[in-house]
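Take the sequence shown: its position 111, counting from 1, is numbered 214 in the working numbering, and each next residue is one higher.
Everything below concerns the one structure shown next.
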Amino acid sequence: MKLKSLLILLSSTSGIWLILSSLFCQNPGNSQIIPDQTLGEENSVINSIDRLKEQIEGGAIRGSNLFHSFQEFNVGENRSVYFTNPAGIENILTRITGNNASNILGKLGVLGGANLFLVNPNGILFGPNSSLDISGSFIATTADEIRLGENGLFSVTNPQNSNLLSIKPSALFFNQISVARASCPLCKGNIVSKSNAEEIGLQVPSGETLGLIGREVIIDSGKLTTEQGRIEIGSVGNNSLVRLENTNNYTFNYSEVENFENIQIKNGAVVDVSGEGSGDIQLQGRQVSITGGSTIVANTLGSEAGGSISLISSELLEVTESFVDADVGFAATGSGATITANTPRLILTSGGQISTATFGTGTSGELTVNANEIEVMGISADGQNLSGIFTDVLPGATGRGGDLTINTQNLKLFNGGQLTANVFGAGQGGNLTVNATEIEASDTIVSQSTVPQQQLLLESLNGQFPSAILALVIPEATGNSGKLTVNSGRIVLRKGAQIGTGTFGAGDSGELAVKAREIEISGTSEDGFLPSSFFTTVLLGATGKGGNLTID
């Protein structure tokens, strides 16, 4: 069941905590569900099915909306709580009007196909064993109110001001929610997710949306998953209006938000929308950090087209020893998801990567980065992964690589940081375009990578990975590499840093076109093997043709 146009209004002191964590706010009655009296004769009713299961009935029905209101709402460890789903109900909207956060430590479900909204201004905490049993979408927020169209209102902080309208299904498209301050000192309105129940974490069905909208959002070692669905994580600040719009996989619209808060994806957390054709992921906040072996992934595994990954921050986007991937899998024929990153500052360190690649027949998605400053540097602690932004055609792939476009004022590549559109297989490589006011690249690094394509590069480059912008045909590859275009006011290459195209195999090398007002080239790698350079090359033993080099 699809959600339609909803509005989310987030207040100055609020946030959501989807805390899938072992650190919970210690609220009284954290295994209780207590209805309040704000709905009068339409109050919610709790029925115990057995010792470990409760069923929620009653509530106020208005058209296809079912409203519930509680003083306390918690699901204990190993327990389950299900909402009944009367005929014709498409949205179950649940508010918590008391002063405590909600601890969801067990299973939360709906006995039908309705979407479930859980709204608690004091926080929503999901434990490591929490899970969802929902056929529709799930939206959790610490909003103050849900507005239904222009006149309907479901207020959490001022329930007496609510106006529960009977609205035709099309009017459900225009709901609104707002967020309040959390009382928990550990959480402060954050969303912290550690759910890893059955190794899938919080999950909604294929094609549905899992949305977490609040103040700070922290996914800490937990998992958020939906096959070909949509995952939305939004972290907003004071007096914010967030619109939930109607599309095939509906999206949250933050265009009216002036202040954002932080998003942390950390400690091996996973956000995954992979499927026959991937779904969509959107993260939007002030500082968005993906760290500690975490993964944001939207892989295409079959014949259907991929969706998109959108990473938007108002201050900083950081990927440290973690991955943002939108790959076309082995034997997959569908196109890959696109990746777009918009941020004032992007930092990739310690093997942090953003990548669209193809292992199969399908074309990998385009990758676009728009940032004032970009810093790419270093390698993972185990020596396996370089930091970089990649749109590669990988071994065995026949699909085309996606285009990689970088738009920035300042690009810095240090200690093996790379931008590449390399070809390791039979597919055509994508084009790589860098538009930068200034580019500075310096130093090489030694990798102990066991990844086959990186081993091939190591053999070719004497064990050294340069800080580089590259579009290469790797040994044994038969596909051609794409065009590499670099437009910059000033380019500085030092200590073995390189910008180039070339072929080490049977495929032809693409053209290298450089346009710059000022160029400085100096030094070699520490072992003296790699000179700092622009190049187009055909390595000894390669059968492919080299591309043209133009410097203007």
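A virtual CB, placed ideally from N, CA and C, is assigned to each residue, including glycine.
- Item | DSSP bridge partner residues for E418 (one or two, in chain order) | Within the sequence shown, residue 418 is the residue found at index 315, counting from 1. None, per the DSSP bridge assignment.
- Message: Is the beta carbon of G532 closer than 8 Å to that of G539?
- Response: The residue labelled residue 539 in the question sits at position 436 within the sequence shown. The residue labelled residue 532 in the question sits at position 429 within the sequence shown. Per the sequence shown, the amino acid found at residue 539 is Ala instead of Gly. No. Outside cutoff.
Exposure of I159, with buried meaning 16 or more beta-carbon neighbours within 10 Å
What you label residue 159 is simply residue 56 of the sequence shown in a count that begins at 1. With 16 or more other Cβ atoms within 10 Å, it is buried.
Considering only the beta carbon of each residue, do S483 and F517 sit closer than 8 Å? Taking the first residue of the sequence shown as 1, we reach residue 483 at position 380. Taking the first residue of the sequence shown as 1, we reach residue 517 at position 414. No.
Where do the N-terminal and C-terminal ends of the beta strand (DSSP E) with I192 fall, by residue?
-> Along the sequence shown, one-based indexing puts residue 192 at 89. Note, I192: premise wrong, no beta strand (DSSP E); not H, not E.
task = Return the Cβ separation of I384 and I334 in integer angstroms, given the expectation that the two are a contact with Cβ distance under 8 Å.
result = Within the sequence shown, numbered from 1, the residue matching residue 384 stands at position 281. Within the sequence shown, numbered from 1, the residue matching residue 334 stands at position 231. Confirmed, Cβ separation roughly 5 Å.
Check your understanding: Given a threshold of 16 other Cβ atoms within 10 Å of its Cβ, counted over all protein chains shown, does L315 qualify as buried or as exposed?
Key -> As a position in the sequence shown, residue 315 is number 212, starting the count at 1. Burial call: buried.
Spatial distance of Q456 from V472 (CA atoms): On the sequence shown, position 353 is the one that residue 456 refers to. On the sequence shown, position 369 is the one that residue 472 refers to. Looking at the two C-alpha atoms, the distance is approximately 13 Å.
**Item:** Rounded C-alpha distance that separates E248 from F257
**Value:** Residue mapping note: residue 248 aligns to position 145 of the sequence shown, counting from 1. Residue mapping note: residue 257 aligns to position 154 of the sequence shown, counting from 1. About 5 Å.
Under the rule that 16 or more other beta-carbon atoms within 10 Å means buried, what is K648, buried or exposed?
Along the sequence shown, one-based indexing puts residue 648 at 545. So K648 counts as exposed.
ask   = If we call anything under 8 Å between Cβ atoms a contact, is F176 one with L214?
value = In the sequence shown, counting from the first residue as 1, residue 176 sits at position 73. In the sequence shown, counting from the first residue as 1, residue 214 sits at position 111. No, the Cβ-Cβ distance between F176 and L214 is not below 8 Å.
Suppose only complete runs of 3+ residues qualify. What are the beta strand (DSSP E) ranges in the segment 594-624, listed by chain order? 601-606
(request) Keeping to the same chain, check which residues put their C-beta closer than 7 Å to that of V656; ignore five residues upstream and five downstream. (result) The question about residue 656 has no answer here: the residues shown for the chain are numbered 104 through 655.
With 16 other CB atoms within 10 Å as the buried threshold, where does E319 fall?
Counted from its first residue, the sequence shown places residue 319 at position 216. Buried, by the Cβ-count rule.
Consult DSSP for E335 and reduce its assignment to one of helix, strand or coil.
For the purposes of this step, residue 335 is taken as residue 232 along the sequence shown, with counting starting at 1. It is a strand residue.
**Asked** From G230 to F170, what does the alpha carbon distance come to, in whole angstroms?
**Response** Counting from one through the sequence shown, the residue named residue 230 turns up at place 127. Counting from one through the sequence shown, the residue named residue 170 turns up at place 67. Rounded to whole angstroms, G230 to F170 spans 25 Å at the Cα level.
Next on the checklist: Taking a contact to mean a Cβ-Cβ separation below 8 Å, would you say N365 touches G396 in this structure?
Outcome noted: The residue you call residue 365 lines up with position 262 of the sequence shown. The residue you call residue 396 lines up with position 293 of the sequence shown. Cβ atoms of N365 and G396: not closer than 8 Å.
Excluding five sequence neighbours on each side, which residues of the same chain lie with their C-beta closer than 6 Å to the C-beta of N188? To locate residue 188, count along the sequence shown from 1; it is residue 85. The residues are V213, L214, G215, A217.
- Cutoff 7 Å; reference G201; Cβ partners in own chain excluding five residues on either side: In the sequence shown, counting from the first residue as 1, residue 201 sits at position 98. Hits under 7 Å: Q174, E175.
**Prompt:** Quick one, which of S240, T640, N223 has its alpha-carbon nearest E262's?
**Reply:** Locating residue 262 in the sequence shown gives position 159, where the first residue counts as 1. Here residue 262 turns out to be Pro, not Glu, going by the sequence shown. Ranking the options by Cα distance to P262, first place goes to N223.
- Have a look at L313 and L404 and give me their C-alpha separation to the nearest angstrom. Position 210 of the sequence shown, counting from 1, holds the residue named residue 313. Position 301 of the sequence shown, counting from 1, holds the residue named residue 404. Whole-angstrom Cα-Cα distance: 21 Å.
| task | Provide the residue(s) that pair with R389 in DSSP beta bridges, ordered along the chain. | result | Taking the first residue of the sequence shown as position 1, residue 389 is located at position 286. Its beta-bridge partners do not exist; DSSP assigns none.
Helix, strand or coil at G143 according to DSSP, with G and I counted as helix: Indexing the sequence shown from 1 puts residue 143 at position 40. Looking at G143 - three-state DSSP - the assignment turns out to be helix.
### Message
Tell me the residue span of the beta strand (DSSP E) that contains I164.
### Response
Position 61 of the sequence shown holds residue 164. Counting along the chain, the beta strand (DSSP E) containing I164 begins and ends at 163-165.
Quick one: using the 10 Å Cβ neighbour count with 16 as the cut-off for buried, is E301 buried or exposed?
Working through the sequence shown from its first residue, we reach residue 301 at position 198. E301 comes out exposed.
Apart from the five residues just before and just after G465, which ones in its own chain have a Cβ nearer than 7 Å to its Cβ?
-> Reading the sequence shown from its first residue, position 362 is the one you call residue 465. T403, V431, A435, T436, G437, S438, G439, G502, listed in sequence order.
Under 7 Å: does the beta carbon of F355 sit that close to some heavy atom of the ligand FMN? Here there are no bound small molecules, and the ligand FMN is not part of this structure.
Note to self: Pop quiz: N534 and K586 are said to be a contact at Cβ under 8 Å. What is the actual Cβ separation, rounded to whole angstroms?
What the structure shows: Within the sequence shown, the letter at position 431 stands for residue 534. Within the sequence shown, the letter at position 483 stands for residue 586. That belief holds up - the Cβ atoms of N534 and K586 are roughly 5 Å apart, short of 8 Å.
Kindly list the residues whose CB is nearer than 6 Å to the CB of T511, restricted to its own chain and excluding five residues on each side of it in sequence; keep chain order. Within the sequence shown, the letter at position 408 stands for residue 511. Here the set comprises A474, I477, A539.
Any alpha helix (DSSP H) of 4 or more consecutive residues that is wholly inside the segment 438-485
none
task: Within the same chain, show all residues whose beta-carbon is closer than 8 Å to that of T627, passing over the 5 residues directly before and after it, in chain order.
output: On the sequence shown, residue 627 is found 524 positions in, with the first residue counted as 1. Once the five neighbours on either side are set aside, the close Cβ partners of T627 are K598, G599, L633, P634, S635.
- Task: Kindly list the residues whose CB is nearer than 7 Å to the CB of T141, restricted to its own chain and excluding five residues on each side of it in sequence; keep chain order.
- Result: Start at 1 with the first residue of the sequence shown, and residue 141 comes out as number 38. Hits under 7 Å: S172, T200, P262.
7 Å Cβ shell around T452 - same chain, five flanking residues per side excluded:
Within the sequence shown, residue 452 is the residue found at index 349, counting from 1. The residues are T423, M480, G481, S490.
### Query
Do G603 and F637 have their CB atoms nearer than 8 Å?
Locating residue 603 in the sequence shown gives position 500, counting from the first residue. Locating residue 637 in the sequence shown gives position 534, counting from the first residue. Going by C-beta atoms, G603 is nearer than 8 Å to F637.
Apart from the five residues on each side of it in sequence, which residues of its chain come closer than 8 Å, Cβ to Cβ, to T354? In the sequence shown, the residue the question calls residue 354 occupies position 251. Same-chain partners within the cutoff: R333, E335, L347, E348, D383, Q385.
Leaving out five residues before and five after D236 in sequence, what residues of the same chain have Cβ atoms less than 8 Å from its Cβ? Here residue 236 refers to the residue found at position 133 when the sequence shown is read from its first residue. If we look at D236 and ignore the five residues flanking it on each side, its Cβ neighbours are S183, Y185, K210, L211, G212, V213.
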